[in-house]
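Residue numbers (my numbering), protein chains in the order written: chain Z, 1 to 639; chain C, 1001 to 1104.
The beta-carbon is built from N, C-alpha and C at its ideal position, and this holds for glycine as well.
Have a look at the structure below before the remarks.
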């Protein structure tokens, strides 16, 4: 069987696992469901690596030009001859890359969860949800058209909701899951409108057809339509980007991501670090040729939202004390990087595309590594707060080492993975948008600072920590994923990414400029140095700095009051100005009409029900009276 | 003695009809009510036969019709008596006033 035909089985395997564990396993074999799910993921991961090897090496076209291949494409809803919703599987460089990332990280998280969730009451349910999520994400990645991606987009939203709210007896988890679902769902409304506009303008929902229709010279005529003075395609792409921004936690729709950390830590590693949150980046990358069309300003929006989110999140991350929240803001910041890397591209400079995908690839490994490491720490300390931690390097040697690798990778220290990908992003930004480049440089310094603040607070410091019930670091099922992801965080940077994944499928030569790297690396090292001085050993410096920049610190600590702003807008403005009048109309006018009709029916039936007396002779009397009446009527009419 | 005219017969059948109706409305006993219904049906039969004889003497349509009605009346009586027997088993009575479960 051809490797490409096998790709259809990659999403089906976790779905089968979900059905098996969710329907049967929960009741009959809960204790082995974790291993069963891991086995399914193992097979899926092996298949995706096989597909990737086949796509990039064995079946690679001789001219090195990778093309998108639709393995299957079944019409599902046919609207017109050219417009239909299909269900398909598409393999192209980025989807194959995402297949490997998703299945591999998911496999690591499954393996880790068998240890982390051990003894949990809803152990099997957890794995059923993880399988459902993995299925949805793989479906999203393999989608061949906009509607299919939208279906799976909502499915990942649902599974994220289920997993964030996994501890549903905790009110904060319930609130967080609702928040995540509502915020992303709100963004998806715009996404849907965008899909419809693109579908009608491009006369197709299929990615390849849309791109061909809109980028061809004949397609240019379709783009001349404007709405409110802005071209229709800009509207559509902006709306689609809003959907992507909701899922990828871009400002101002980022508020759900930090709260989503209420879910179990492996979930944060899988969904809120490596896979689902990059769906927005993936979506923009999917429609990249349309985004960079001249005349559509949507790409600029992507760029500026991206860089702003990156910087904004980095500033907040410097002040948070919950280790998972720091990681959440750092995720948001790194996704901001990927976004603006796409955004700084134009028709002539598409290096940003490669850079963005490269960063997505490396980030998935080192960020899930950091989250899984944080999970071990939380397991040992029974707290999320970094102020309860310190000097843990003696207790958790493996975690310490791998966490350090992760921090070095995200800080962009050579030769770790993050260095190469961040480097190519900065390079792409420098070529077209110097302003974004300088902001990104500052962000990378901040990134190094807050990551090493986290690292030193957890593993160094002189605080005497007494670990209660400490039974050694963790089982091998938790250590092995850390070690494997740590290894990948070191080596993935050396993948010659530009030879495989480019915007047009034609390999570029990877170029590295040693001189260019000096500034970012110096920024990173400065950040690390400052963090080391402030947090390596307990001293008064952090407090002094905090009080020196008091107002800034307070604003950042409270996440710039964005949550409060949302609450003000929703509770005060929307509830009072829209909600209450709507409720009044609903209660008095809509319900009132219905109640009146019901009341009238009751009254009338009450007054006439006496006629149905149960006395047969009464009925006969009515009948004859009716006949006589009818007879008289006939006589009156005809005589 | 003048021959019997159509009017005489119509008088009989009308009388029969209203006697039947009176019986149907006033009697409480279901068997009696059934008998009253038979009276009504027979008054109709008389009408059919009489009109056939006096107005279209050459035809037999009215006669056939009355034969059909007799057959249907027999079937109807069988069904009605079966119902009445069942009511009797349930209520120990064949008084129509006792069977009013189906009212509102």
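* Spell out the partners DSSP gives residue 88 (chain Z) in its beta bridges. => Along the first chain, read from residue 1 onward, the residue named residue 88 (chain Z) stands at position 88. For residue 88 (chain Z), DSSP records a beta bridge to Z:73.
* Which class does residue 591 (chain Z) belong to by DSSP, given the choice of helix, strand or coil? -> For the purposes of this step, residue 591 (chain Z) is taken as residue 591 along the first chain, with counting starting at 1. If DSSP states are grouped into helix, strand and coil, residue 591 (chain Z) belongs with the helices.
* For residue 29 (chain Z), which three-state DSSP category applies? -> Here residue 29 (chain Z) corresponds to residue number 29 of the first chain, with the count starting at 1. Coil.
* So residue 205 (chain Z) packs on residue 147 (chain Z), CB below 8 Å; how close in whole Å? -> Taking the first chain and counting its residues from 1, the one referred to as residue 205 (chain Z) is at position 205. Taking the first chain and counting its residues from 1, the one referred to as residue 147 (chain Z) is at position 147. The pair is a contact, with the Cβ atoms about 5 Å apart (cut-off 8 Å).
* Return the Cβ separation of residue 482 (chain Z) and residue 372 (chain Z) in integer angstroms, given the expectation that the two are a contact with Cβ distance under 8 Å. => In the first chain, residue 482 (chain Z) corresponds to position 482, counting from 1. In the first chain, residue 372 (chain Z) corresponds to position 372, counting from 1. Indeed they touch by this definition, with Cβ atoms about 6 Å apart.
* Since residue 1038 (chain C) meets chain Z, which of its residues come closer than 7 Å, beta carbon to beta carbon? -> Counted from its first residue, the second chain places residue 1038 (chain C) at position 38. Under the 7 Å cutoff, chain Z gives no residues; its nearest Cβ is about 15 Å from residue 1038 (chain C).
* Closer than 8 Å, Cβ to any Cβ of chain Z: which residues of the stretch 1076 to 1104 of chain C, in chain order? -> Flagged, chain order: 1096, 1097, 1099, 1100, 1101, 1102, 1103 and 1104.
* Thinking just about the alpha-carbon of each residue, which of Z:266, Z:89, Z:552 and Z:22 is nearest to the one in residue 652 (chain Z)? -> As displayed, chain Z neither begins before 1 nor continues past 639, which places residue 652 (chain Z) out of reach and without an answer.
* Simplified DSSP assignment, three categories, for residue 1092 (chain C) -> Your numbering for residue 1092 (chain C) matches position 92 in the second chain. The answer is coil: DSSP assigns residue 1092 (chain C) none of H, G, I, E or B.
* Simplified DSSP assignment, three categories, for residue 334 (chain Z) -> For this step, residue 334 (chain Z) is matched to residue 334 along the first chain. Looking at residue 334 (chain Z) - three-state DSSP - the assignment turns out to be helix.
* **Per-residue contacts from residue 616 (chain Z) into chain C (C-beta, under 7 Å)** => Here residue 616 (chain Z) refers to the residue found at position 616 when the first chain is read from its first residue. At a beta-carbon threshold of 7 Å, the residues of chain C lying near residue 616 (chain Z) are 1096, ordered along the chain.
* Asked: Are the C-beta atoms of residue 582 (chain Z) and some chain C residue less than 9 Å apart?
  -> The residue you call residue 582 (chain Z) lines up with position 582 of the first chain. Judged by the 9 Å Cβ criterion, residue 582 (chain Z) is not in contact with chain C.
* List the whole-angstrom C-beta distance separating residue 138 (chain Z) from residue 99 (chain Z), where the pair is believed to meet the contact cut-off of C-beta under 8 Å. => Residue mapping note: residue 138 (chain Z) aligns to position 138 of the first chain, counting from 1. Residue mapping note: residue 99 (chain Z) aligns to position 99 of the first chain, counting from 1. Between residue 138 (chain Z) and residue 99 (chain Z) a beta carbon distance of about 7 Å is seen, short of the 8 Å cut, so the two are scored as contacting.
* Let me know the secondary structure DSSP gives residue 78 (chain Z) once reduced to three states. => Within the first chain, numbered from 1, the residue matching residue 78 (chain Z) stands at position 78. In the displayed model, residue 78 (chain Z) falls within a strand according to three-state DSSP.
* Asked: Using DSSP with H/G/I as helix, E/B as strand and the rest coil, what is residue 385 (chain Z)?
  -> Position 385 of the first chain, counting from 1, holds the residue named residue 385 (chain Z). Under the three-state reduction of DSSP, residue 385 (chain Z) is assigned to strand.
* Going by C-alpha distance, which of Z:367, Z:279 and Z:182 is nearest residue 95 (chain Z)? -> By 1-based counting over the first chain, the position of residue 95 (chain Z) is 95. Per the Cα distances, Z:279.
* CA-CA distance, residue 1035 (chain C) and residue 1020 (chain C)? -> For the purposes of this step, residue 1035 (chain C) is taken as residue 35 along the second chain, with counting starting at 1. For the purposes of this step, residue 1020 (chain C) is taken as residue 20 along the second chain, with counting starting at 1. A direct Cα-to-Cα measurement between residue 1035 (chain C) and residue 1020 (chain C) gives close to 8 Å.
* To do: Could you have a look at residue 613 (chain Z) and say whether DSSP puts it in helix, strand or coil?
  => As a position in the first chain, residue 613 (chain Z) is number 613, starting the count at 1. Here DSSP, grouped into helix, strand and coil, assigns residue 613 (chain Z) to coil.
* Reducing DSSP to helix, strand and coil, say where residue 59 (chain Z) ends up. => Numbered from its first residue, the first chain carries residue 59 (chain Z) at position 59. Of the three classes helix, strand and coil, the one that applies to residue 59 (chain Z) here is coil, per DSSP.
* Asked: Thinking just about the alpha-carbon of each residue, which of Z:314, Z:401 and Z:377 is nearest to the one in residue 390 (chain Z)?
  -> Position 390 of the first chain, counting from 1, holds the residue named residue 390 (chain Z). Nearest option by C-alpha distance: Z:377.
* Find the nearest neighbour of residue 451 (chain Z) within the set Z:325, Z:499, Z:211 and Z:114, judged by alpha-carbon distance. => Taking the first chain and counting its residues from 1, one reaches residue 451 (chain Z) at position 451. Selected option, being the one with the closest Cα: Z:325.
* Asked: Grouping DSSP H, G and I as helix and E and B as strand, with all else coil, what is residue 421 (chain Z)?
  -> As a position in the first chain, residue 421 (chain Z) is number 421, starting the count at 1. In the three-state scheme derived from DSSP, where H, G and I count as helix and E and B as strand, residue 421 (chain Z) is classed as helix.
* Short check: CB of residue 131 (chain Z) to CB of residue 14 (chain Z), under 9 Å? -> What you label residue 131 (chain Z) is simply residue 131 of the first chain in a count that begins at 1. What you label residue 14 (chain Z) is simply residue 14 of the first chain in a count that begins at 1. Closer than 9 Å, so yes.
* Give a yes or no on whether the C-beta atoms belonging to residue 26 (chain Z) and residue 134 (chain Z) are separated by under 9 Å. => The residue labelled residue 26 (chain Z) in the question sits at position 26 within the first chain. The residue labelled residue 134 (chain Z) in the question sits at position 134 within the first chain. No, Cβ-Cβ distance for residue 26 (chain Z) and residue 134 (chain Z) is not below 9 Å.
* Asked: Cβ atoms of residue 287 (chain Z) and residue 207 (chain Z): under 9 Å apart, would you say?
  -> Position 207 of the first chain, counted from the first residue, corresponds to residue 207 (chain Z). Position 287 of the first chain, counted from the first residue, corresponds to residue 287 (chain Z). Yes, Cβ-Cβ distance for residue 207 (chain Z) and residue 287 (chain Z) is below 9 Å.
* What does residue 625 (chain Z) touch in chain C if you count any residue whose Cβ is under 9 Å from its own? -> To locate residue 625 (chain Z), count along the first chain from 1; it is residue 625. Under the 9 Å cutoff, chain C gives no residues; its nearest Cβ is about 11 Å from residue 625 (chain Z).
* What's the gap between the Cα of residue 9 (chain Z) and the Cα of residue 52 (chain Z)? -> Here residue 9 (chain Z) refers to the residue found at position 9 when the first chain is read from its first residue. Here residue 52 (chain Z) refers to the residue found at position 52 when the first chain is read from its first residue. If you take the alpha carbons of residue 9 (chain Z) and residue 52 (chain Z), they lie about 14 Å apart.
* For residue 1058 (chain C), count neighbouring Cβ atoms within 10 angstroms of its own Cβ and tell me buried if that reaches 16, exposed if not. => Taking the second chain and counting its residues from 1, one reaches residue 1058 (chain C) at position 58. That one is exposed.
* Of all the options Z:563, Z:551 and Z:303, which has the alpha carbon lying nearest to the alpha carbon of residue 437 (chain Z)? -> Here residue 437 (chain Z) is taken as the residue at index 437 of the first chain, counted from 1. Nearest Cα to residue 437 (chain Z) within the set Z:563, Z:551 and Z:303: Z:303.
* Asked: Taking 9 Å as the CB-CB limit, is residue 1048 (chain C) close to chain Z?
  -> Here the question's residue 1048 (chain C) lines up with position 48 in the second chain. Answer no: the Cβ-Cβ gap between residue 1048 (chain C) and chain Z never drops below 9 Å.
* Assigned secondary structure, residue 227 (chain Z) (DSSP; H/G/I helix, E/B strand, else coil) -> Indexing the first chain from 1 puts residue 227 (chain Z) at position 227. Here residue 227 (chain Z) sits in strand by DSSP.
* Option in Z:263, Z:420, Z:406 and Z:77 with minimal Cα separation from residue 356 (chain Z) -> One-based indexing of the first chain puts residue 356 (chain Z) at position 356. Nearest of Z:263, Z:420, Z:406 and Z:77 to residue 356 (chain Z), Cα basis: Z:420.
* Asked: When the cut-off is 9 Å and only beta carbons count, does residue 607 (chain Z) lie next to chain C?
  -> As a first step, residue 607 (chain Z) is located in the first chain; it is residue number 607 there, counting from the start. Chain C, which has no Cβ nearer than 9 Å to the Cβ of residue 607 (chain Z), makes this no.
* To do: Per DSSP, which residues does residue 322 (chain Z) bridge with? Please list them.
  => As a first step, residue 322 (chain Z) is located in the first chain; it is residue number 322 there, counting from the start. Paired residue(s): Z:385.
* Residue from Z:400, Z:563 and Z:570 whose Cα sits closest to the Cα of residue 486 (chain Z) -> Counted from its first residue, the first chain places residue 486 (chain Z) at position 486. Residue Z:400 holds the alpha-carbon nearest to the alpha-carbon of residue 486 (chain Z) among Z:400, Z:563 and Z:570.
* Where DSSP assigns a beta bridge to residue 606 (chain Z), which residues make up the other side? -> What you label residue 606 (chain Z) is simply residue 606 of the first chain in a count that begins at 1. As far as DSSP is concerned, residue 606 (chain Z) takes part in no beta bridge.
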